[in-house]
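To start, the structure under review is shown below, and the notes come after it.
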Amino acid sequence: MTPRGSPIFPALVTGLRAATIPLLVVSLRAGADTQAVLLLGFAALTDIADGWVARRLAATSVAGAYLDVTVDFLLVSAGLATLAARGLYPAWLVLVPALVFALFLLSSGLRTPIYDPVGKCYGGFLVGVVVASLLLLDLAVHALLFGTILGLSAVTLIARGRWLLMELWPRDQTNRLRP
Amino acid sequence: MRPVTAISLVVALAAAVLIVLTEREQPRPPEELNAIASGPAALVVYHPGLSDFPDSVVRAFAGGLAERGWRVRIETASRNTPVDLSQFQLVVLASPVYWWMPARPLTNYVRRVGDLGGRPTVVLLTAAGQGDRALDVMRRLVERRNGHIKRALVLYTMRPNDEARISKVPNRTIALELAHAAGAAIPPSR
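First to last, the sequence lines map onto chains A and B. Start counting the first sequence at 1; every next residue gets the next number (the working numbering). Start counting the second sequence at 1001; every next residue gets the next number (the working numbering).
Here you go:
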């Protein structure tokens, strides 16, 4: 049996990503967009690294997975909120990832596995949206990014919402088979 | 379906919808400012775009012109926009910058006009942060159509419009102030 490593190391890597959140907000508020892009790049690297470290040390844990997703959520929410404060996106857009995150928490304890074609990439996609918003300074591109956030959020909300409803109100499978 | 496929499909769908929306004409009833004044007349032709920012900038600029004594007629760029400029002494062409280019309804309008008759022409663009290429396109278009560029101005949503004031005043407010000041800086001339 392989000895399990300490989950503290992957958590530390995730913690580094959490530490970028206030720096990101300060950079975006100051209009230091290049610095903000570099911080998001660093955050993306830690997102890859924490999973790798956890697997390498055989230190994967449920708590670590939740911490990872929570930090991702806080990072993209902070990025989108600051861009909304700069007038780039409407303020209510921040509620969309919050709703997705809430549904993720609700649906993560389900007994049946969920088919969500977007969920796994959702956090990374939103980080990409914030980076693209800062690098591609065009009104149509920003509208495209806005529309894509709404579209992908709808996909993941429908996928997870459907599974959640099926879990809460399961159909009687035997009745369905009767003629 | 793999995540990359799902994301690509949503991006492609959103892009298709956006291309249609950004290139679509948005005709609105014409408006007049300072209509009873005896000053020279300015024609403002603009494309409203997807947000209220271009519209607000155009109104701020037109307000500045009216304050200075111009009679101002505001039209949206469409097939129905008048192409006879004989009664106007100034032409203002305004558009948001989409896909790094001026909106097609406005460039199509300039092509329909054909000859600007050497008229002083103002180009007023609104962009997220990269508007130089679109400004070059508009300059060349106006000059090729025998227009005389009186003023060219790009106002931004993301890039600071005034570095010195950006920490104290919202960028949008600065943009509207600059647009108004630019309009008010053009003296009436026949």
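All C-beta atoms, glycine included, are put in the ideal place defined by N, C-alpha and C.
Put simply, of Gly-51(A), Leu-24(A), Ser-108(A), Ala-18(A) the residue whose alpha carbon is nearest the alpha carbon of Pro-7(A) is Gly-51(A). As summarised for the segment 1006 to 1045 of chain B, the continuous beta strand (DSSP E) elements at least 3 residues long and confined to that stretch are 1031 to 1033, given in chain order. Assignment of beta-bridge partners to Leu-157(A) by DSSP yields no partner.
For a Cβ distance threshold of 9 Å, residue set Arg-86, Gly-87, Leu-88, Leu-137, Leu-139, His-142 of chain A lies close to Thr-1157(B), ordered along the chain. Taking 4 residues as the minimum length, the alpha helix (DSSP H) runs contained wholly in the segment 1102 to 1134 of chain B are 1104 to 1113, in order along the chain. Of all residues in the segment 1096 to 1108 of chain B, only Pro-1096, Val-1097, Tyr-1098, Trp-1099, Trp-1100 come within less than 7 Å of chain A when Cβ atoms are compared, listed by chain position. Within its own chain, the residues whose Cβ lies closer than 7 Å to the Cβ of Thr-1107(B), once the five positions on either side in sequence are excluded, are Leu-1141, listed in chain order. Counting other Cβ atoms within 10 Å of its Cβ, His-142(A) reaches 16 or more and is therefore classed as buried. Cα atoms of Ala-1184(B) and Gly-1118(B): separation of roughly 22 Å, rounded to the nearest angstrom.
By the Cβ criterion, the segment 115 to 122 of chain A is in contact with the segment 150 to 164 of chain A, since at least three pairs of Cβ atoms, one from each stretch, lie closer than 8 Å. Cβ contact annotation for Asp-1162(B) (same chain, cutoff 6 Å, sequence separation greater than five): Ile-1174, in chain order.
Taking 9 Å as the Cβ-Cβ cut-off, the segment 27 to 39 of chain A approaches chain B at Ala-30, Gly-31, Asp-33, given in chain order.
Cβ contact annotation for Leu-16(A) (same chain, cutoff 7 Å, sequence separation greater than five): Thr-46, in chain order. In this structure, the CA atom of Val-1091(B) is about 18 Å from the CA atom of Ala-1134(B). Distance check between Gly-151(A) and each of Ala-58(A), Ala-30(A), Thr-20(A), Leu-93(A) places Leu-93(A) closest, using alpha-carbon atoms only. The beta carbon of Val-118(A) sits closer than 8 Å to some beta carbon of chain B.
Against chain A, the CB of Val-1017(B) has a partner CB under 8 Å away; the residue lies at that interface. In the displayed model, Thr-1076(B) falls within a strand according to three-state DSSP. Asp-138(A) sits close to Val-1097(B), with the two beta carbons spaced by under 8 Å.
According to DSSP, residue pairing for Ser-1095(B) in a beta bridge involves Leu-1125(B). Within chain B, the residues placing a beta-carbon under 7 Å from that of Thr-148(A) are Val-1010, Val-1011, Ala-1014, ordered along the chain.
Neighbours of Asn-1161(B) across chain A, judged by C-beta separation under 8 Å, do not exist; the nearest C-beta is about 12 Å away. Taking a cut-off of 8 Å on C-beta distances, the segment 1021 to 1033 of chain B does not touch the segment 1002 to 1011 of chain B, as fewer than three cross pairs fall below it.
Following the DSSP letters along the chain, one finds Lys-120(A) inside the alpha helix (DSSP H) bounded by residues 119 to 135. DSSP, reduced to helix, strand and coil, places Leu-57(A) outside both helices and strands of the structure shown, so it counts as coil. Around the CB of Trp-1070(B), 16 or more other CB atoms lie within 10 Å, so the residue is classed as buried. In this chain, the alpha helix (DSSP H) harbouring Tyr-66(A) covers 62 to 85. DSSP places Ala-18(A) inside the alpha helix (DSSP H), whose first and last residues are 8 to 30.
Ranked by Cα distance from Tyr-1156(B), the options Asp-1115(B), Ser-1051(B), Pro-1120(B) are led by Ser-1051(B). Arg-1068(B) sits in coil when the DSSP states are folded into three classes, being neither helix nor strand. DSSP, read as helix, strand or coil, puts His-1180(B) in helix. Taking a Cβ-Cβ threshold of 8 Å, the residues of chain B close to Leu-152(A) are Ala-1006, Ile-1007, Val-1010, in chain order. Around Phe-125(A), the beta-carbon contacts reaching into chain B at under 9 Å are Pro-1003, Ile-1007.
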